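Quick notes on the structure that follows.
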Amino acid sequence: MKIIIAGAYAIGSYLAQLLTRNNYDITLLDDVSENLDKLGRDFDLLTIEASPTSIKALKTAGVQQTDLFIAVTPNEDKNITACSLAKTLGAKRTVAKVDKYEYVDSENIRVFKEMGIDSVIYPEMLAAKDIINGLKMSWVRQRWDVHGGALVMLGIKIRESCEILSRPLREICGPDDPFHIVAIKRGDETIIPGGNDVLEVLDLAYFMTTKNYIPYIRRIVGKEHYVDVKNVMIMGGGTTAVRTVNTMPEYMDAKIIEKDPERCEHLNEEFENEDTLVINGDGRDVALLTEEGIRSTQAFVALTNNAETNILACLTAKRMGVRKTVASVENIDYVNMAESLDIGTIVNKKVIAASHIYQMLLDANVQNVKFLMTSNADVAEFVPVQGSKITRKPVKDLGLPRGMTIGGLVRGETGMLVSGNTMIEPGDSVVVFCHGVDIKSIEKLFN
1 MKIIIAGAYA IGSYLAQLLT RNNYDITLLD DVSENLDKLG RDFDLLTIEA
51 SPTSIKALKT AGVQQTDLFI AVTPNEDKNI TACSLAKTLG AKRTVAKVDK
101 YEYVDSENIR VFKEMGIDSV IYPEMLAAKD IINGLKMSWV RQRWDVHGGA
151 LVMLGIKIRE SCEILSRPLR EICGPDDPFH IVAIKRGDET IIPGGNDVLE
201 VLDLAYFMTT KNYIPYIRRI VGKEHYVDVK NVMIMGGGTT AVRTVNTMPE
251 YMDAKIIEKD PERCEHLNEE FENEDTLVIN GDGRDVALLT EEGIRSTQAF
301 VALTNNAETN ILACLTAKRM GVRKTVASVE NIDYVNMAES LDIGTIVNKK
351 VIAASHIYQM LLDANVQNVK FLMTSNADVA EFVPVQGSKI TRKPVKDLGL
401 PRGMTIGGLV RGETGMLVSG NTMIEPGDSV VVFCHGVDIK SIEKLFN
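Residues 1 to 447 (the working numbering) are what the sequence shown spells out, left to right.
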């Protein structure tokens, strides 16, 4: 598959590194040589120093034979123009990063299709959805819903209060139990568990279950004392903060702490909820946090442009009694550090955006893909076609590749867990967890 990535910035660079591992034919296009130099040296890809809106450059890059053209420069207008040109010149599919909320409105998708843009991504909105998911369940690190929650994956930090510690998984999540543990992150290691594995304190365990059993899981992992989030304090008043506040459930109230006085004035016009309070100040100021009631706040969200600031602010909030913290950590190198410091939910816009773009590279009917940064693993939702290999035998006889496990499926509108005797049917939405195995190599089971 031939792919052109326009823009060697945060998303483009991360995506290029990710895709070269899968032996795709990658061309990286950017008009700043410094952005290309290191990637060109360290990874198996072609770099071209030129503007992505240059017809000559697009032709030189081979846009006529391109399967997917991805425009992720910091300039929204350049992305839209580049995709439109690429489609006209022969690119099969195009995707553009945009910066305006109105562009991802379903009513406007048709407009972009007519311009030659097959898909638009708005990373701030994608990040806001992840943040809201984290806030809705204060005791969960990560949540991933399949078919509106018919099936749910929960990433939970295991503490001493968990009542299923040190018991073999075959005893606690068998065929008749209402949950499966599909992966365990332990220190720097990610484990696809077998029946003899056990949960240990400080593991990050990924549970697959159905929505009605979430309260049961909350009880057995000892998280019933975690209060529901109603009051949220957000440090940093950027676009992600705006999108987060404007998509919050009605029962949540938010306070925004922003250093820039002019930005504070602008924020008052951005928020749809008139009760949202904007405070001019530094979110690292302990006296200010105390004055604004952090000790009665259930969640603290750090969304400045500085990862170190966000991590330190979350640690401060935890010391002041806040149980749920969320940090934006755009530097991938800091993600494991943030996890080791017990920062709660970690958000990285480029990884979230890459997950959505990666979905377009798969030939099978893939509904959703999510990269789990802290576990170096992927979760994907596949829909098998009639006659595909995955539908021919019970799961236990399929000879699934090492590093892959099936967490559950949705049949019609009903979510169900998968056991060794389960027969997967065409049209099922099947949730697959992968570690150390390329999703691309798995999709042949579903085609």
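We treat Cβ as the ideally placed atom computed from N, Cα and C, and that holds for glycine.
No experiment lies behind these values; they were computed from the predicted model shown.
Query - Host alpha helix (DSSP H) of THR60 (start-end) - result: 55–60
How many angstroms separate the CA atom of THR239 from the CA atom of PHE112? 22 Å
* Considering only residues of the same chain and omitting the five flanking positions on each side of GLY321, which have a CB-CB separation below 8 Å? -> ILE294 and ARG295
Notebook entry, point to check: Exposed or buried, what is ARG143 when buried is set at 16 or more other beta-carbons lying within 10 Å of its beta-carbon?
Noted result: buried
With H, G and I counted as helix, E and B as strand and the rest as coil, what does DSSP make of ASP145?
strand
Worksheet item: Do LEU39 and ALA8 have their C-beta atoms closer together than 9 Å?
Response: yes
**Request:** Would you identify the three-state DSSP class for GLY130, choosing helix, strand or coil?
**Result:** Residue 130 is actually Asp in this sequence, not Gly. If DSSP states are grouped into helix, strand and coil, ASP130 belongs with the helices.
Give the DSSP-derived three-state secondary structure of THR325 in the structure shown.
strand
- Can you tell me which of the three DSSP states LEU398 falls into? coil
Q) Measuring CA to CA, which of ILE257, TYR213, VAL104 and GLU274 is closest to VAL286? A) ILE257
### Message
Along the chain, where does the alpha helix (DSSP H) containing MET208 start, and where does it finish?
### Response
Per DSSP, MET208 belongs to no alpha helix (DSSP H); it is in the beta strand (DSSP E), 204–209.
- [ ] Below 8 Å on the Cβ atoms is my guess for GLY116 versus SER84; work out the distance and round it to an integer in Å.
- [x] 4 Å
Practice prompt. Report the partner residues of GLY155 according to the DSSP bridge assignment.
Written response: GLN142 and TYR206
task: Measure the CB-CB distance between ALA299 and LEU135 and report whether it falls below 9 Å.
output: yes
| said: The beta strand (DSSP E) that contains ASP25, what's its start and end? | reply: 25–30
Notebook entry, point to check: In whole angstroms, what separates the C-alpha of GLU189 from that of ALA183?
Noted result: 11 Å
- Identity of the residue in VAL418, THR422 and LEU400 nearest HIS435 by Cα: LEU400
Review point. Under three-state DSSP, which class holds ALA317?
Key: helix
message: Along the chain, where does the beta strand (DSSP E) containing ALA380 start, and where does it finish?
response: 377–383
Given 8 Å as the limit, is there contact between the region 404–413 and the region 426–444, that is, 3 or more CB pairs closer than that? yes
ask   = CB ILE3 to CB ASP25, shorter than 9 Å?
value = yes
Exercise. Give the range of the beta strand (DSSP E) segment to which ASP253 is assigned.
Key: 253–258
Worksheet item: Quick one: any contact between the region 142–156 and the region 199–217, if contact means 3 or more CB pairs under 8 Å?
Response: yes
Q | Rounded Cβ spacing between PHE433 and VAL379 (contact assumed at less than 8 Å) | A | 5 Å
Item to complete: Tell me where the beta strand (DSSP E) around GLY408 begins and ends.
Response: 404–411
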